[in-house]
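Presented below is the structure to which this report refers.
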Amino acid sequence: MWNQFFLLEEYTGPDTQYVGKLHTDQDKGDGNLKYILTGDGAGSLFIIDENTGDIHAAKKLDREEKSLYVLRAKAIDRKTGRQVEPESEFIIKIHDINDNEPKFTKDMYTASIPEMAGVGIIKTALPDMSRENREQYQVVIQAKDMGGQMGGLSGTTTVNITLTDVNDNPPRFPQSMEHLTVLSPESAPPGTPLGRIKANDPDVGENAEIEYSISNGDGSDMFDIVTDKDTQEGIITVKKHLDFENKMLYTLRVEATNTHPDPRFLQLGPFKDTALVKISVEDIDEPPVFSRPWYLIEVDEDAKEGSIIGQVVAQDPDITKNAIKYSVDRHTDLDRIFNIYSGNGSLFISKPLDREETPWHNITVIATEINNPKQTSQIPVFIRILDINDHAPEFAKYYETFVCENAKAGQLIQTVSAVDKDEPPRGHKFFFELVPEFALHPNFSIVDNKDNTAGIMTRRNGYSRSKMSTYLLPIIIFDNDYPIQSSTGTLTIRVCACDSRGNMQSCNAEALLLPAGLSTGALVAILLCIIILLVLVVLFTALKRQRKKEPLIISKDDVRDNIVTYNDEGGGEEDTQAFDIGALRNPEAREESKMRRDVIPETIFQIRQTAPLWENIDVQDFIHRRLKENDSDPAAPPYDSLATYAYEGNDSIANSLSSLESLTTEGNQDYDYLSDWGPRFKKLADMYGGEDSDRD
43 MWNQFFLLEE YTGPDTQYVG KLHTDQDKGD GNLKYILTGD GAGSLFIIDE NTGDIHAAKK
103 LDREEKSLYV LRAKAIDRKT GRQVEPESEF IIKIHDINDN EPKFTKDMYT ASIPEMAGVG
163 IIKTALPDMS RENREQYQVV IQAKDMGGQM GGLSGTTTVN ITLTDVNDNP PRFPQSMEHL
223 TVLSPESAPP GTPLGRIKAN DPDVGENAEI EYSISNGDGS DMFDIVTDKD TQEGIITVKK
283 HLDFENKMLY TLRVEATNTH PDPRFLQLGP FKDTALVKIS VEDIDEPPVF SRPWYLIEVD
343 EDAKEGSIIG QVVAQDPDIT KNAIKYSVDR HTDLDRIFNI YSGNGSLFIS KPLDREETPW
403 HNITVIATEI NNPKQTSQIP VFIRILDIND HAPEFAKYYE TFVCENAKAG QLIQTVSAVD
463 KDEPPRGHKF FFELVPEFAL HPNFSIVDNK DNTAGIMTRR NGYSRSKMST YLLPIIIFDN
523 DYPIQSSTGT LTIRVCACDS RGNMQSCNAE ALLLPAGLST GALVAILLCI IILLVLVVLF
583 TALKRQRKKE PLIISKDDVR DNIVTYNDEG GGEEDTQAFD IGALRNPEAR EESKMRRDVI
643 PETIFQIRQT APLWENIDVQ DFIHRRLKEN DSDPAAPPYD SLATYAYEGN DSIANSLSSL
703 ESLTTEGNQD YDYLSDWGPR FKKLADMYGG EDSDRD
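Below is the structure:
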């Protein structure tokens with residue numbers, strides 16, 4: 043039976059530590075037996091004396107490394123090598139000594155405790171510890187063995203304690219009033235940041251998140267505030283355009299509130315704070331501002347050059363109120379139709395207008411500060427040209443009109459219509475009639491259909507190409523606007539051969555070849571003019587070649603029986619240079635039933651009845667009376683109409699100069715008065731006024 047052996051760990055004696063002794067009853071002490079040790083640490087940690095069986099520990103042993111060793115022992119005969127006894131097993135246990143101090147599993151521990159916390163494994167030594175005062179604490183903990191008795195060992199460790207944050211602090215502005223300065227109000231559109239304001243919150247994380255708002259103030263509708271999530275600052279932005287001239291200083295009340303309040307600490311007070319923010323607006327030099335965003339001007343197309351059609355107004359919005367000059371952007375008015383007075387912005391016309399060519403003109407007016415030409419503004423000006431009745435109606439197209447030789451009276455041969463470049467507000471209304479000279483045309487008549495068309499009707503039965511192959515029918519077309527415009531269009535009617543159904547078969551060749559715009563009458567008139575000019579040239583040449591001048595009086599004996607001829611024009615009537623005497627007719631010959639053609643009958647004015655002038659008055663006095671009547675009469679013709687006064691002037695104050703009608707004899711004739719009539723009668727005065735004129 044083997045017992046257990048015990049050894050002390052960490053033996054520090056001068057000799058090796060004796061463990062024990064192996065011995066067998068077969069050992070006689072003669073040295074024939076040999077002891078052998080095998081197992082854990084045999085030969086290295088444990089050595090045995092093979093003769094005596096003594097076991098020693100060759101090294102210091104550490105129980106903490108290995109506390110139990112299992113060994114086997116046997117004894118053999120040296121000579122034969124045979125075991126004298128069976129192999130036996132024994133155990134060596136290492137006896138513990140206090141050679142290790144207590145050790146913590148970590149060199150340093152980290153712990154976190156909410157501030158204001160209560161009881162825990164590690165307790166706070168002070169009540170209501172505040173993280174804001176001190177956040178980190180370091181605690182050293184010692185552990186002793188042997189119950190802390192003398193001779194025991196100890197170990198230490200460090201615990202870092204962090205106080206975690208709770209939302210126990212409201213936000214606070216560093217000062218109750220902030221002052222910001224806005225540099226450029228006009229250049230700061232809505233949304234532009236103007237400045238930042240910050241409320242301090244000692245808490246951290248979400249406990250320090252702040253939401254800013256504008257509670258009230260005179261600028262609450264002009265500004266807005268948003269929170270910068272990274273810095274927890276309030277960014278004040280522009281909400282509406284600012285104007286230094288309207289308001290230079292704004293006062294806002296800004297409120298800062300925690301977004302995650304902790305209900306446990308609401309008793310500490312409201313978790314928000316307010317501050318007044320004053321915003322000063324600095325003035326900058328702004329461009330001129332027009333009174334309107336755009337201008338619309340309407341002008342009649344007959345407006346005279348130089349007439350003012352409208353005005354644009356701009357002013358400097360700054361306090362300095364710099365003077366403004368105006369100009370027209372010539373890129374929008376390449377024809378230079380409009381111009382502007384640079385001092386007051388009045389627009390005027392430089393060239394005639396034509397609505398039919400350009401009904402709208404869109405120009406741009408530039409306003410520039412005189413002291414700072416860099417400050418300019420532009421405004422669109424839309425100019426609408428109003429229509430006036432300045433175009434006469436005319437045929438809608440060229441009409442190829444013909445009448446059959448076998449046509450009957452009252453037959454419609456053509457329907458004509460008219461067009462007008464003008465655009466009256468009530469729409470077009472045209473009237474058709476024949477010219478006065480053809481009012482009772484024997485061959486054709488015109489019927490106004492009252493729908494801006496007219497029908498050409500035949501007035502007799504049968505037409506002959508051999509007698510007349512082409513008829514020219516002048517037609518007057520009136521419009522319904524003021525002033526009334528009219529034009530005369532000539533309708534060329536060819537006489538053609540037709541079948542029984544009225545279908546044209548053939549026409550006179552001459553009529554077919556006539557140019558569209560030139561009638562036969564016009565060709566005849568041109569030919570007559572050419573012949574008259576040739577005759578005048580021949581007569582003038584013949585008179586130039588005649589060098590001998592015939593005597594004024596061929597025979598002195600036959601003065602009263604001969605016509606006196608001379609090259610100088612007589613005194614005559616002074617009014618022959620002013621107007622055509624032939625156009626003046628006797629008042630009794632006036633046609634009272636004729637109606638005026640320069641106004642629309644029965645729709646605009648009543649026909650004016652003029653009192654007849656039956657007395658024989660002077661031409662000048664007559665004209666003055668008629669002018670006075672027309673000036674005071676609203677139904678008088680327009681200023682560009684021709685008024686014909688049907689009145690013949692009085693006789694010449696010189697009476698008749700012919701000797702054929704003289705009632706006196708030659709001896710009673712007194713021609714001295716001829717010298718009083720002026721230079722025009724000087725020739726006659728020299729001939730008849732001398733003492734020896736006729737008596738000789």
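Position in the sequence shown (from 1) plus 42 gives the number in the numbering used here.
We treat Cβ as the ideally placed atom computed from N, Cα and C, and that holds for glycine.
The C-beta of Tyr111 has 16 or more other C-beta atoms within 10 Å across all chains shown, which makes the residue buried. Spanning the alpha carbons of Glu275 and Phe332 requires a straight line of approximately 40 Å. The beta carbon of Ile136 sits closer than 6 Å to those of Leu49, Glu51, Leu103, Arg105, Ser109, all from its chain and outside the five residues before and after it, given in chain order. The straight-line gap separating the alpha-carbon atoms of Asn300 and Phe265 is approximately 22 Å. The three-state reading of DSSP puts Phe472 in coil, since its state is none of H, G, I, E or B. About 41 Å separates the beta carbon of Val182 from that of Ile134, a gap too long to meet the 8 Å contact definition. Shortest Cα-Cα distance from Gln527 to any of Phe664, Pro213, Val246, Glu465 involves Glu465.
Below 8 Å, too few C-beta pairs join the stretch 401-412 and the stretch 496-512 to call them touching: fewer than three. By the neighbour-count criterion, in which a residue is buried when 16 or more other Cβ atoms sit within 10 angstroms of its Cβ, Ser542 is exposed.
For Gly233, the CB contacts under 8 Å within the same chain, skipping 5 residues up- and downstream, are Thr279, Val280 in chain order.
The Cβ atoms of Gly197 and Lys145 sit closer than 9 Å to each other. Val246 sits exposed, since fewer than 16 C-beta atoms from the chains shown fall within 10 Å of its C-beta. Counting of Cβ neighbours within 10 angstroms places Ala298 among the buried residues, the total reaching 16 or more. Our two residues, Val319 and Ile366, have alpha carbons roughly 37 Å apart in a direct line. Per the coordinates, the alpha-carbon of Pro721 lies some 30 Å from the alpha-carbon of Thr583. Judged by DSSP in its simplified three-state form, Asp718 adopts helix. If the five residues before and after Arg120 are omitted, its C-beta is found closer than 8 Å to the C-beta atoms of Gly73, Asn74, Leu75, Lys76, all from its own chain and listed in chain order. Annotated three-state conformation of Tyr254 is strand, per DSSP.
Taking C-alpha positions only, His403 is separated from Pro516 by approximately 39 Å. Look at Leu389 here: in three-state DSSP terms it is strand. In the displayed model, Met729 falls within a helix according to three-state DSSP. For Tyr505, there is no enclosing beta strand (DSSP E), as DSSP marks it with neither H nor E. Here the C-alpha atom of Ile405 lies approximately 30 Å from the C-alpha atom of Gly469.
Straight across, the Cα-Cα distance linking Leu310 with Ile256 is about 24 Å. Membership of Phe520 in the beta strand (DSSP E) is indicated by the continuous run 512-520. Across the structure, Asp96 and Asn140 are spaced so that their CA atoms are roughly 28 Å apart.
Gln59: member of the beta strand (DSSP E) spanning 59-63, first to last residue. By the 16-neighbour rule on beta-carbons within 10 angstroms, Asn491 is exposed.
C-alpha of Asn386 to C-alpha of Ile425: approximately 18 Å in a straight line. Boundaries of the beta strand (DSSP E) harbouring Asn300: 291-300, taken from the DSSP string. Between Val296 and Ile239, the CB-CB gap stays under 9 Å. With contacts defined by Cβ atoms closer than 9 Å, Val354 and Leu428 do not form a contacting pair. Sequence-distant partners of Lys148 (beyond 5 residues in either direction) whose C-beta falls short of 8 Å from its own C-beta, in its chain, are Thr199.
Pro156 and Asp272 have their C-alpha atoms some 25 Å from each other. Cβ neighbours of Pro235 within its own chain (closer than 6 Å, five residues either side excluded): Ile277, Thr279. Contact between Glu436 and Val461 holds: their C-beta atoms lie close to 7 Å from each other, under 8 Å.
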